[in-house]
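Heads up, the sequence shown is in the working numbering, so the first residue is 56 and it goes up one at a time.
One structure is given here, and the rest of the page talks about it.
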Amino acid sequence: MDIVIVNAEVSAKLRTVEKLVEIRDADGNVMGYFAPAAWPAARQYAQAAAHFDPEEIRRRKESSEECFTTQEVLEHLKELKPISRAANKVGVDC
56 MDIVIVNAEV SAKLRTVEKL VEIRDADGNV MGYFAPAAWP AARQYAQAAA
106 HFDPEEIRRR KESSEECFTT QEVLEHLKEL KPISRAANKV GVDC
């Protein structure tokens, strides 16, 4: 992992952070994410957050495409007819 050294002003601001935060530049562009070292699983949270593209999230929110909540997907999956493990082999039509 690369290291970025911040100045005293930024350091003072980051020391007050108690949870995962998004870091933006003066124009409002996302630069990255910061998780305080004292926070449980800080490294894992920061790495996971880095995989989310704010522009993609915004685009999807503004899209008119049909979408489903996690709960709706789970409910739909519960309604599906179970298949046997024997029939669920590659090349076998169910």
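In this text, a Cβ means the ideal position worked out from N, Cα and C, and glycines have one as well.
Three-state secondary structure (DSSP) at residue i?
i: I78; result: strand
i: V181; result: Lying outside 56 to 149, the shown extent of the chain, residue 181 is not represented and no answer is given.
i: K133; result: helix
i: E27; result: It is not possible to answer for residue 27, since the shown part of the chain is limited to 56 through 149.
i: T124; result: coil
i: A92; result: coil
i: V65; result: helix
With respect to the alpha helix (DSSP H) encompassing residue i, which residues constitute its N-terminal and C-terminal limits?
i: P109; result: 109-117
i: S139; result: Note, S139: premise wrong, no alpha helix (DSSP H); not H, not E.
i: A104; result: 97-104
CB residue i to CB residue j, shorter than 9 Å?
i: A103; j: E77; result: no
i: V128; j: P109; result: no
i: C122; j: R115; result: yes
Checklist entry - Taking three-plus beta-carbon pairs below 8 Å as touching, is the region 88-97 in contact with the region 71-79? => result These segments touch.
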